[in-house]
Every structure is written in C-alpha cells, then in structure tokens.
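Asker: Those protein sequence lines, which keep their order, are chains A and B. So the first sequence is numbered by numbering that gives the first Met the number 0: it starts at 0 and just counts up by one. So the second sequence is numbered by numbering that gives the first Met the number 0: it starts at 0 and just counts up by one.
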Amino acid sequence: MKEKFRPARLVRTSPALAQDAAGTVQLAGFSTAMREGDWGMLRREGEAWFLEGPIQATCRPFPGAEWSRLHRPDRLGRTRLDALRFRHRIVRRVREFFDARGYLEVETPLQVPSPGVETHLQAIPAGGGYLSPSPEFQMKRLLAGGTGSIYQICRSFRGDECGPRHNPEFTMLEWYAVGASSEDLRREMEDLVAYVQEREELPFPLPPPPWERLPMAAAFARWAGVEDLDASAADLLRQAGLAPREMTWEEAFFTVFVEKLEPRLGEEKPVFLTEWPASMASLARLMPENPTVADRFELYAGRLELANGFGELLDADLQRARSLADLETRQRLGLPAYPLDERFLDALAEGCPPVSGVALGLDRLVMLWWGADHIRQVLAFAQDEL
Amino acid sequence: MASTSDLRKNLKILVDNEPYVIVEAQFVKPGKGTAFTKCKIKNLITGSVLERTWRSGESVDLADTENRRMEYLYAEGDHFVFMDQETYDQVHIEKEILGDDAQWLIDNLPVEVLFFNGRPVGVELPTFVELQITHCEPGVRGDTATGASKPATLSTGAVVQVPLFVNEGEWLKIDTRTGEYVERVKK
C-alpha cells in the first residue's frame with residue numbers, strides 16, 4: 000500500500016484492528032472517540048498504523064475531494080482542518096485582547112466607491128465600485144465621528160497579488176488607537192503577540208518581545224551597505240553592489256530592499272522597520288522632529304511582512320495633495336485612475352483626533368504560528384480552490 | 000518576450016543568453032511598493048541553479064527551446080547518433096553533452112533531446128533502463144541480508160553495485176539519475 004492515508008473501519012478494539020479495502024491491519028493506536036464499527040482515517044508512521052476519526056457516519060467510506068482536502072496531512076502530519084481550528088482559536092484570542100482593552104469592534108463595508116489611489120494597487124471592481132483593499136477610509140470616518148479606539152477583522156482584496164504569501168482576498172486585522180503614538184502602537188503589537196502566546200499552545204511561537212526598532216536608513220546600512228539613502232537611483236544600486244539598471248529612485252529603493260533587506264528581515268527576531276522615506280509616507284504623517292522621514296513602520300517576522308502602521312496624517316489638504324500626486328503617477332504609468340474618496344477627505348477636514356493605526360495580515364500571523372509554507376494552508380479556501 | 004506576470008514554474012526563459020527553466024517563482028510586494036517576482040532558475044544546459052529577481056513591468060525573453068523525442072542509434076567518433084521518432088531525421092550529438100549518462104545508452108533507447116536555438120544541448124534519458132549483467136561473481140542463494148553488495152558489469156560496460164543474490168545473465172532495472180540498482184527484472 001503506497002498511500003499513507005486512507006479510510007478504514009475499526010473492527011476490534013483489543014487487539015486494535017482496522018479493516019479497509021486492502022485488508023486488515025493491526026493498529027498501534029486509534030482516537031479515543033472511536034467505537035467499534037466507526038470509520039476513520041488510517042495513517043502510517045514508519046511501520047505503525049494509527050486510526051484517526053471517527054469520520055461522520057454520513058460520509059462515504061471512501062471520501063471525496065472535499066473530505067480529502069481538509070484531511071490530507073501536511074509534512075508535519077497536520078491537516079487543513081487542524082489549521083482552521085487553530086485559526087479559530089487565534090482569532091478568538093485577538094478579539095479577547097482588543098475587547099479587554101476597551102476597543103470597539105466595527106464592521107465597515109467591503110464594497111466601496113474608492114479603493115484609494117496608491118500607485119501599486121490593483122483594485123477589483125465590484126458593483127460600480129471596488130472591493131475594499133483596506134478598511135482605512137471608513138474607519139477614519141468613524142474616528143472623526145467620535146467612536147474612540149476601534150478595531151476590525153475584515154476581508155480585504157488586492158487583485159493580482161497571488162503566491163505562497165498572498166491571496167487576492169485576505170484577512171486584515173486593523174486597529175486605531177486614539178491619542179496613541181506610533182511607538183505606543185508598536186508596544187501594543189508586542190503585547191498582542193505576547194497575549195496570544197501566553198495563552199495558546201503555538202507550534203511555532205515568535206521570539207518574545209521586545210523587538211528591535213530599526214530606522215529604514217539603518218537597515219539599508221546594515222544589510223545593503225548603503226550609507227546614503229538619499230543618493231540617486233543608480234548610486235543606490237551601486238552602493239548595494241547591484242548591477243546598474245535603468246529605474247526610478249523608488250524602484251531602486253525597493254530593488255535593494257527585496258534583494259538585500261527582505262531576506263534578512265525578522266530572520267531571528269521580529270523587527271519594526273521605522274522612519275520610512277517621506278516619499279513613501281502613504282497615509283502617515285511626517286515625523287515632527289524630522290520631516291524627511293515618515294511616521295510609518297512595518298513589522299517583519301521570519302522574512303514575512305506582517306503589518307504596516309502609521310502615526311496617521313490628519314491634514315486634509317496634505318492628504319489630498321499626496322493623493323493627487325499618486326494619481327498622477329498612476330496616469331503616467333498607464334494604470335487605471337481611481338476616484339478620490341471625498342467623504343474621507345471631508346472627514347479629515349472636519350477633524351479627526353490624533354491617532355495611530357496599524358493593519359496586520361492575520362493570515363500571515365497564523366501562517367507563522369502554524370509553520371505554514373503557503374497561505375492556503377491557513378485559509379478555508381484559497382483563490383484557486385473556488 | 001514575456002512580462003513578469005507570466006513568470007511561473009516551468010517557464011523556459013533566456014538569461015544572459017542561456018536557457019533556464021523557472022523552478023520556483025515567488026511574488027513579493029514589500030511596503031506598498033513595486034511588485035517583484037523572485038525566481039529560482041535552473042540552467043537547462045549545466046543544471047546550475049541561480050536566484051533572480053524581476054521587477055513588475057520588466058520584460059523577460061523566452062528561450063527558444065524544444066524537446067524532441069528521439070532514439071539512440073549508434074556511436075560515431077566523438078558523437079552519438081540519435082534519430083527523431085517523428086521525422087526520422089538523424090542528429091549527431093557530441094559525447095561530451097551526455098557525460099556519464101553515456102554508460103546507459105543501449106540500442107533504440109528512447110530519449111528526450113533538448114534543442115536550444117535549433118542546436119542539441121541536452122539529452123534526457125528515461126528514469127529507468129533495463130540492462131543485462133555480462134559479468135559478476137556467482138550469487139549466494141538465500142542471502143538477502145541488506146547492506147552486502149558486489150560489483151556487476153552490464154552489457155554497456157557500466158559497473159553497478161548489486162545485492163549478493165543477483166547472478167550473471169540476469170536483467171536489472173537501473174535508475175539513471177543515481178546510477179543505482181533498483182531491482183531484477185524477468186526477460
């Protein structure tokens with residue numbers, strides 16, 4: 000028998016015997032929940048057979064594709080169903096954490112009129128609008144309305160992003176702490192991870208916090224040998240020891256980032272990359288004490304980009320100017336133009352309390368803790384399984 | 000030409016004028032920035048593996064490669080001669096290209112020949128070949144203890160390690176990737 004996993008019936012408990020289409024095998028063990036006559040799945044470990052189950056009585060003895068999809072063991076002998084149960088435990092703890100801290104859980108629409116105008120974003124059109132790539136605009140409107148600190152666990156959608164760490168539809172944990180600095184928020188992320196790790200048994204816990212805060216310029220110096228981050232595109236590549244190629248400064252920045260930094264980020268311990276170049280501020284404010292860098296940070300763990308956070312920009316005029324510049328870039332690159340979210344800009348103008356916010360890829364956090372190589376292992380359905 | 004969104008496993012591409020096949024492609028898009036595809040690529044001629052990263056929007060040249068099913072005919076000087084099973088064209092391939100694989104060549108052995116820009120650059124043998132033992136020490140009946148082995152010379156001149164119970168004149172299945180004995184076969 001080549002298959003390592005096949006359905007069989009428990010015929011005797013002592014000595015434990017299971018029978019399947021191929022005959023009878025002596026069991027080294029079986030699930031305590033099983034009674035004689037129950038169907039389960041035979042698993043072989045070396046020479047020993049184990050029977051796991053029971054499989055529901057309504058399930059045919061030789062299960063179909065759906066059953067196999069959820070019960071096929073991975074290289075560590077765990078199934079997709081195990082991963083979904085694990086994920087459920089994590090999500091429950093995350094909610095518990097925020098609820099205990101007095102956050103209000105909100106749910107904002109997934110179908111929105113504007114997906115934002117970030118240059119490298121491909122939104123998925125839906126019903127005259129778009130599937131939301133991030134709940135940011137609506138959550139900030141709530142903040143302007145006076146909700147106080149809020150969190151949300153929601154689906155977000157980014158077209159064309161697909162691979163072992165990306166699924167076009169993914170789960171975002173996004174929260175905003177009113178009156179908090181971005182450093183307060185980094186501490187809160189550490190607290191969140193510690194909270195779950197202290198309460199749940201995780202196959203692959205992260206090294207306990209505190210974690211390093213590393214300004215972007217220092218990260219470039221440490222791993223790419225780049226001493227002057229403000230140099231031209233060609234000079235950036237040269238400093239990093241990469242072959243010269245025709246590209247913009249931003250492209251050169253990310254080329255060095257992908258080639259030199261990313262393979263090292265969070266290798267041993269998670270790391271917060273802070274103080275991003277002002278041109279990559281996105282929705283972050285500039286650092287009050289140094290306006291050449293933005294109050295933006297990302298958390299990396301195990302080479303995986305886990306979260307992106309901002310000390311939020313609350314100046315409506317500046318936000319509009321940045322959005323228009325982004326739109327112009329999109330136009331220059333021949334990318335579709337997305338509408339500005341005027342009501343979001345109005346909300347900023349109306350007045351939003353000082354706030355820091357962070358978006359964390361919940362699937363990726365579960366991936367890390369579960370030790371998954373592919374995001375699909377922690378999703379009920381990956382896109383290519385629909 | 001291909002765009003970076005076409006980069007996926009098994010695509011054959013041209014890098015520094017040599018043909019490569021993509022073994023692994025990983026999508027990365029750090030910090031709301033440009034997207035990249037990080038690939039592990041394998042040189043189709045030398046077999047060496049490299050890592051390369053392409054920025055989204057860059058173009059990649061496709062390699063003009065073709066696999067043709069051929070069979071081995073005979074050796075001639077520095078060359079082996081193969082025949083295309085569809086067109087019956089005969090092709091001379093330098094012995095160097097086969098290297099150690101030459102020791103498994105038997106008449107009419109079906110192979111896949113990789114052509115790059117119209118020239119043969121690689122020959123892939125079937126995973127298993129069956130060869131007869133022309134010489135080995137006599138077998139020891141009943142000795143199936145694992146571990147013990149002896150050399151056996153095959154009809155092509157290749158020498159492989161076989162278990163003690165195997166005898167001269169018998170046919171063996173050999174794994175061409177490792178050059179190892181798999182099992183006896185009845186002929």
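Glycine included, each C-beta is placed from N, C-alpha and C at the ideal position.
1. Given a threshold of 16 other Cβ atoms within 10 Å of its Cβ, counted over all protein chains shown, does residue 8 (chain B) qualify as buried or as exposed?
2. Let's test the definition: count the other Cβ atoms within 10 Å of the Cβ of residue 105 (chain B) and tell me whether it reaches 16, buried, or not, exposed.
3. May I ask you to report which of helix, strand or coil DSSP gives residue 375 (chain A)?
4. Under the rule that 16 or more other beta-carbon atoms within 10 Å means buried, what is residue 270 (chain A), buried or exposed?
5. Taking the straight line between their C-alpha atoms, what separation do you get for residue 239 (chain A) and residue 303 (chain A)?
6. What beta strand (DSSP E) runs, 3 residues minimum, are completely inside the stretch 262-293 of chain A?
7. Does DSSP put residue 84 (chain B) in a helix, in a strand, or in coil?
8. Is the CB of residue 0 (chain A) under 8 angstroms away from at least one CB in chain B?
9. Starting from the beta carbon of residue 52 (chain B), find every residue of chain A whose beta carbon is closer than 9 angstroms, and list them in chain order.
10. Considering only residues of the same chain and omitting the five flanking positions on each side of residue 184 (chain B), which have a CB-CB separation below 6 angstroms?
11. Tell me, which residues are paired with residue 160 (chain A) by DSSP?
12. Would you call the stretch 255-272 of chain A and the stretch 299-313 of chain A touching, i.e. three or more CB-CB distances under 8 angstroms?
13. Taking 8 angstroms as the CB-CB limit, is residue 172 (chain B) close to chain A?
14. Under a Cβ-count criterion, where at least 16 other Cβ atoms within 10 Å of its own Cβ denotes burial, should residue 24 (chain B) be classed as buried or exposed?
15. Can you tell me where the alpha helix (DSSP H) with residue 355 (chain A) in it begins and where it stops?
16. On the DSSP bridge assignment, give the partners of residue 77 (chain B) in chain order.
17. My assumption, with CB atoms under 8 angstroms, is that residue 148 (chain A) sits in contact with residue 177 (chain A). Please give the rounded CB distance.
18. Where does residue 194 (chain A) sit, in a helix, a strand or coil, going by DSSP?
19. If you follow the beta strand (DSSP E) that residue 115 (chain B) is in, where does it begin and where does it stop?
20. So which of B:136, B:1, B:154 and B:155 has the shortest CA-CA distance to residue 148 (chain B)?
21. For residue 346 (chain A), which three-state DSSP category applies?
22. Whose C-beta lies closer than 8 angstroms to the C-beta of residue 158 (chain A) among residues of the same chain, with five residues either side of it excluded?
23. Any beta-carbon of chain A closer than 8 angstroms to the one on residue 3 (chain B)?
24. Please list, in chain order, the chain B residues whose beta carbon lies closer than 7 angstroms to that of residue 162 (chain A).
25. Please state the DSSP three-state secondary structure of residue 133 (chain B).
26. Report all residues from its chain with a CB closer than 7 angstroms to the CB of residue 379 (chain A); omit the five preceding and five following residues, and keep chain order.
27. Which chain B residues sit within Cβ distance under 7 angstroms of residue 286 (chain A)?
28. Using only CA atoms, which one of A:248, A:127, A:10 and A:161 lies nearest to residue 229 (chain A)?
29. Given 8 angstroms as the limit, is there contact between the stretch 101-121 of chain B and the stretch 51-70 of chain B, that is, 3 or more CB pairs closer than that?
30. With C-beta atoms as the reference, is residue 48 (chain B) less than 8 angstroms away from residue 39 (chain B)?
31. If you measure between the beta carbons of residue 385 (chain A) and residue 305 (chain A), is that distance less than 8 angstroms?
32. Could you tell me the alpha carbon to alpha carbon distance between residue 333 (chain A) and residue 76 (chain A), rounded to whole angstroms?
33. Among A:16, A:326, A:199 and A:354, which has the Cα closest to the Cα of residue 87 (chain A)?
Answerer: This is what the structure holds:
1. The residue given as residue 8 (chain B) occupies position 9 in the second sequence. Answer is exposed; the Cβ neighbour count stays below 16.
2. As a first step, residue 105 (chain B) is located in the second sequence; it is residue number 106 there, counting from the start. Its Cβ having fewer than 16 others within 10 Å, residue 105 (chain B) is exposed.
3. Here residue 375 (chain A) corresponds to residue number 376 of the first sequence, with the count starting at 1. If DSSP states are grouped into helix, strand and coil, residue 375 (chain A) belongs with the helices.
4. Against the first sequence, residue 270 (chain A) aligns to sequence position 271. Residue 270 (chain A) should be labelled buried.
5. Your numbering for residue 239 (chain A) matches position 240 in the first sequence. Your numbering for residue 303 (chain A) matches position 304 in the first sequence. Each residue's Cα considered, the two are about 22 angstroms apart.
6. 270-273 and 289-293
7. The count along the second sequence starts at 1 and reaches residue 84 (chain B) at position 85. In this structure, residue 84 (chain B) counts as coil in the three-state DSSP scheme.
8. The count along the first sequence starts at 1 and reaches residue 0 (chain A) at position 1. Residue placement at residue 0 (chain A) cannot be trusted, given a pLDDT of 40 that sits under 50; the coordinates are not used to answer.
9. Reading the second sequence from its first residue, position 53 is the one you call residue 52 (chain B). The contacting residues are 254, 257 and 258.
10. By 1-based counting over the second sequence, the position of residue 184 (chain B) is 185. Hits under 6 angstroms: 129, 170 and 172.
11. Against the first sequence, residue 160 (chain A) aligns to sequence position 161. For residue 160 (chain A), which the question treats as bridged, DSSP gives no partner whatsoever.
12. When C-beta atoms of the stretch 255-272 of chain A are compared with those of the stretch 299-313 of chain A, three or more pairs fall below 8 angstroms, so the two segments count as touching.
13. Locating residue 172 (chain B) in the second sequence gives position 173, where the first residue counts as 1. Interface annotation, residue 172 (chain B): not in contact with chain A, CB-CB separation never under 8 angstroms.
14. Against the second sequence, residue 24 (chain B) aligns to sequence position 25. Buried, since its Cβ has 16 or more Cβ neighbours within 10 Å.
15. Working through the first sequence from its first residue, we reach residue 355 (chain A) at position 356. Note, residue 355 (chain A): premise wrong, no alpha helix (DSSP H); beta strand (DSSP E) at 354-360.
16. Taking the second sequence and counting its residues from 1, one reaches residue 77 (chain B) at position 78. Answer is none; residue 77 (chain B) lacks a bridge partner.
17. Position 149 of the first sequence, counted from the start, is the residue given in the question as residue 148 (chain A). Position 178 of the first sequence, counted from the start, is the residue given in the question as residue 177 (chain A). Yes, residue 148 (chain A) and residue 177 (chain A) are in contact; Cβ-Cβ is about 5 angstroms, under 8 angstroms.
18. Counting from one through the first sequence, the residue named residue 194 (chain A) turns up at place 195. Reduced to three states, the DSSP call for residue 194 (chain A) is helix.
19. Residue mapping note: residue 115 (chain B) aligns to position 116 of the second sequence, counting from 1. Residues 109-115.
20. On the second sequence, position 149 is the one that residue 148 (chain B) refers to. Out of B:136, B:1, B:154 and B:155, B:136 has the C-alpha closest to the C-alpha of residue 148 (chain B).
21. Working through the first sequence from its first residue, we reach residue 346 (chain A) at position 347. DSSP places residue 346 (chain A) in helix when its eight states are reduced to three.
22. Taking the first residue of the first sequence as position 1, residue 158 (chain A) is located at position 159. Around residue 158 (chain A): 121, 122, 123 and 167.
23. Indexing the second sequence from 1 puts residue 3 (chain B) at position 4. Taking Cβ atoms only, chain A never reaches closer than 8 angstroms to residue 3 (chain B), which makes this a no.
24. In the first sequence, residue 162 (chain A) corresponds to position 163, counting from 1. Within chain B, the residues near residue 162 (chain A) are 25 and 26.
25. Locating residue 133 (chain B) in the second sequence gives position 134, counting from the first residue. Looking at residue 133 (chain B) - three-state DSSP - the assignment turns out to be strand.
26. In the first sequence, the residue the question calls residue 379 (chain A) occupies position 380. Same-chain partners within the cutoff: 83.
27. Position 287 of the first sequence holds residue 286 (chain A). Neighbours of residue 286 (chain A) on chain B: none; closest Cβ ~17 angstroms, over 7 angstroms.
28. Here residue 229 (chain A) refers to the residue found at position 230 of the first sequence. Comparing Cα positions, the closest option is A:248.
29. yes
30. In the second sequence, the residue the question calls residue 48 (chain B) occupies position 49. In the second sequence, the residue the question calls residue 39 (chain B) occupies position 40. Yes, they are a contact pair.
31. Reading the first sequence from its first residue, position 386 is the one you call residue 385 (chain A). Reading the first sequence from its first residue, position 306 is the one you call residue 305 (chain A). No, these two residues do not count as a Cβ contact at 8 angstroms.
32. Position 334 of the first sequence holds residue 333 (chain A). Position 77 of the first sequence holds residue 76 (chain A). Each residue's alpha carbon lies about 47 angstroms from the other.
33. Position 88 of the first sequence holds residue 87 (chain A). Nearest of A:16, A:326, A:199 and A:354 to residue 87 (chain A), Cα basis: A:199.
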